[in-house]
Amino acid sequence: MFGLAPGKGRKRSASDESESLRKISRQLEDMDPEEARYLSAFAYLLGRVAYADREVSPEEAEMMEKILIDRGRLTAEQAVLIIEIARQQNRLLGHIDNFLVTREFNRLASLEQKKDLLACLYAIGASDHSVSNLEDNEIRMIAGELLLEHSDFIAIRSEFRDYLDILKHKE
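Residue numbers for the sequence shown follow my numbering, beginning at 4 and rising by one.
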């Protein structure tokens, strides 16, 4: 699932994992723990972009569900539950957990998985046919936290240029 790369670096301590990841991971108890952490971080980051404007639209929630079912091979019930937890965690603890969750995803993911996540983040933003400046800025911040090259960010962002509010002509 997701081509999970083996973990890199030091041993983890319980305090390293955010409450957001723990809550989502508990819903994935049947999975390998590393795979559950990866998927938890992935879902949380989807929610982080969806909630960038302080609300999650029905289109964004539907796109998140589709991504988790298609790419995470989750059941619809699991996807809906994980999305709801991610939404609530972003609403309640986002400012606290954002860096911790992104750092964990960075540890678990390969370069290709990070790029795939970025494309999914833009798909969330574009789900209502418009990537707002808030969403675009949040995705840019996540790309930086994931230590992606600027050229990787621009290449993926350019695939969604028709949806970027900043590039749309205002009348």
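Cβ coordinates follow ideal geometry from the N, Cα and C atoms, glycine included.
**Alpha-carbon spacing of D35 relative to Q116, whole angstroms** = 18 Å
**Request:** Check whether the Cβ atoms of I159 and A122 lie closer than 7 Å to each other.
**Result:** yes
**Request:** Pull up the distance between the alpha-carbon of I85 and that of Y47, whole angstroms please.
**Result:** 9 Å
**Asked** Excluding five sequence neighbours on each side, which residues of the same chain lie with their C-beta closer than 8 Å to the C-beta of Y166?
**Response** Y125, G128, A129, H132, S133 and V134
**Request:** Would you decide whether E138 is buried or exposed? Buried here means 16 or more other CB atoms lie within 10 Å of its CB.
**Result:** buried
**Request:** Please check the pair L150 and N93, which I expect to be a contact at CB under 8 Å, by giving their CB distance rounded to whole angstroms.
**Result:** Rounded, the Cβ-Cβ distance is 22 Å, inconsistent with contact.
**Identity of the residue in A44, R57 and E63 nearest G75 by Cα** = A44
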